[in-house]
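Visitor: In the working numbering, the protein residues as written are 2 to 403.
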Amino acid sequence: MIPQEPGEPLRPDVLERIPHGAVLCVVGARPNFMKIAPIMEALGTGPAPVPACLLHTGQHYDAGMKEAFFTQLGIPEPDVDLGVGSGSHAVQTAEIMRRFEPVVDALRPGALLVVGDVNSTIACGLVAAKKGVPVIHVEAGLRSFDRAMPEEVNRVLTDQISDLLFTTEASARANLTREGIDPARIHFVGNVMIDTLRRHLERAVPAADTLEGWGAPGLDGARGPHYAVLTLHRPSNVDDSGTLERLVAAVTEISREIPVVFPVHPRTAGALARAGLDRRLGAEPGVRVLPPVGYLEMLGLMAGARMVLTDSGGMQEETTALGIPCITIRENTERPITVEEGTNTVVGTDRERILAVVRDILSTGGKGGRVPQLWDGRAAHRICEVLAAWMTARRGAPAGGL
Ligand code: UD1
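Okay, here's the thing in structure tokens:
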């Protein structure tokens, strides 16, 4: 799909293909793709199919951050691509809004469906809400209570302008009602990201193949694969060179006890290069630095790992679903169920604390856990059931109702 030029009217073939009143689904950044995949499928194939179309804002655009996911997850080619690319928060959010508005005017969707907490989520939500298009938020109500996180601002604001809110864990309802959201709008449906994980687990690429593919040596120990997976991309961890250097020192130390496989996010690659830390990490024999990997590769890496160290939200949930110990390199989590019931331990960025939990996992196997309620692969179906009934009720309701 050729990205839409700013101000360019929607092409007639696009307009013709999209049914009037369709649900306009939005994706923008990598973690949105695995959430939208089961929703698009369920909307099209459920007992009461809901007409839907897909828009990509273009927030993430590199092949490794986008294409691999669309192909592997069977996500249909977006009907519209806004092609916004990168920028500061203000520039990126404003540019998405500017390019999205004429699309909403042309399509007049029946509703807007957004997922997660990225800039694309709030930008499109805000445009739709001001045009009277109902907003549906999937993964509503998660709270880190840390307003220094850009995602927390996006979450709180998106929930405030949403008409239907679908939640992944019980804490979310309490957060939303505390913020004055009408409980009748909140539906606990489970976790669409885990729908995708369960659907694709059998096709996950074995870790050894991924490492070989990138020319990194295998990590097979006498008792099977023996490695930790690391990802880092939160601005609070990577944008400040002092914090990043501290984390690199901790990773180096960990890699002397267990090999560390590190697929590097573009934000982090830039930060490592600016701080001159990329060469240092590359020279460490126990660290395998990889570019961003596809979904099936990441799933295989996580499923075969002794532990995962991360600051990603989604990976905290995926490791809980897989039963793999997770060390979260952040001061807080908006996904408390992964700590209360799952395999997650939130450790912050202190080197000693990180190393203590790594050593505990190496000696005892680490924290066990159970899969949270409704993380059963059926979340998207529940969403579609609620959505179909809600749309039918809206059509029958007087103007301004529901
Ligand atoms: C965004 C989300 C974050 C999510 C993450 C997953 C917001 C506020 N943040 O953060 O919640 O966890 O995606 O990856 O929406 N870049 C590329 N190629 C790309 C995309 C980005 O090189 O395809 C580089 C650019 O230098 C860009 C930087 O990565 O400036 C950051 O991208 P951006 O979309 O602004 O934020 P993320 O850190 O990816």
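C-beta atoms are modelled at their ideal positions from N, C-alpha and C, and glycine is treated no differently.
All figures in this text were calculated on a predicted structure; none of them were measured in a lab.
1. Tell me which residue opens and which closes the alpha helix (DSSP H) that valine 249 is part of.
2. Does DSSP put arginine 289 in a helix, in a strand, or in coil?
3. Threshold first: 4 residues or longer. Then list the alpha helix (DSSP H) segments lying entirely within the region 103-159, N to C.
4. Is proline 326 helix, strand or coil by DSSP?
5. Give the range of the beta strand (DSSP E) segment to which leucine 308 is assigned.
6. According to DSSP, is histidine 90 helix, strand or coil?
7. Among Thr365, Asp160, Gly305 and Val309, whose alpha-carbon lies nearest the alpha-carbon of leucine 202?
8. For a test of your reading of the model: does the CB of asparagine 176 fall under 8 Å from any non-hydrogen atom of the ligand UD1? Yes or no.
9. Could you name the residues of the same chain whose beta carbon sits closer than 6 Å to that of glutamate 102, not counting the 5 residues immediately before and after it, in chain order?
10. With DSSP run on the structure shown, which of helix, strand or coil describes glutamate 386?
11. Mind checking whether the beta-carbon of asparagine 333 lies closer than 8 Å to any heavy atom of the ligand UD1?
12. Whose CA, out of Gly349, Arg156, Arg360 and Arg352, lies closest to the CA of alanine 229?
13. Please state the DSSP three-state secondary structure of leucine 302.
14. Assign leucine 16 to buried or exposed, taking buried as 16 or more other Cβ atoms, counted over all protein chains shown, within 10 Å of its Cβ.
15. For asparagine 120 and glycine 349, I'd like the C-alpha separation in whole angstroms.
16. I'd like the list of long-range same chain contacts for glycine 243, defined as Cβ closer than 8 Å, with 5 residues on each side in sequence excluded.
17. Under a three-way DSSP split, which group does alanine 173 fall into?
18. Count the CB pairs spanning the region 156-170 and the region 290-301 that are closer than 8 Å, and state whether there are at least three.
19. Do proline 32 and methionine 194 have their beta-carbon atoms positioned less than 9 Å apart in this structure?
20. In whole angstroms, what separates the C-alpha of methionine 35 from that of glycine 378?
21. Suppose you measure from the CA of methionine 308 to the CA of cysteine 327; what does that come to, to the nearest Å?
22. State the beta-bridge partners of aspartate 82 as determined by DSSP.
23. Spatial neighbours of aspartate 1 within its chain, please: CB distance less than 7 Å, with the 5 preceding and 5 following residues excluded, ordered by chain position.
Guide: In short:
1. Counting along the chain, the alpha helix (DSSP H) containing valine 249 begins and ends at 242-256.
2. Shown here, arginine 289 sits in a strand according to DSSP, grouped into three states.
3. Uninterrupted alpha helix (DSSP H) stretches at least 4 residues long and entirely within the region 103-159 occur at 120-131, given in chain order.
4. The three-state secondary structure of proline 326, taken from DSSP, is coil.
5. The sequence given here places methionine at residue 308; leucine does not occur at that position. Methionine 308 -> beta strand (DSSP E) spans 308-311.
6. In the three-state scheme derived from DSSP, where H, G and I count as helix and E and B as strand, histidine 90 is classed as helix.
7. Relative to the Cα of leucine 202, the nearest Cα in the group Thr365, Asp160, Gly305 and Val309 belongs to Gly305.
8. Not one heavy atom of the ligand UD1 sits closer than 8 Å to the Cβ of asparagine 176.
9. Closer than 6 Å at the Cβ level, and outside the excluded window around glutamate 102, lie Val128.
10. Correct three-state label for glutamate 386: helix.
11. No, the ligand UD1 has no heavy atom inside 8 Å of this Cβ.
12. Here the closest residue by C-alpha is Arg360.
13. Three-state result, leucine 302: helix.
14. Classification for leucine 16: exposed.
15. The straight-line gap from Cα to Cα measures roughly 24 Å.
16. No residues qualify anywhere along the chain.
17. Helix at alanine 173.
18. Touching, no.
19. Going by C-beta atoms, methionine 194 is nearer than 9 Å to proline 32.
20. In this structure, the CA atom of methionine 35 is about 13 Å from the CA atom of glycine 378.
21. Computed Cα separation, rounded: 6 Å.
22. Note: aspartate 82 sits in a beta bridge opposite His57.
23. There is no way to answer for residue 1, as the model of the chain reaches only from 2 to 403.
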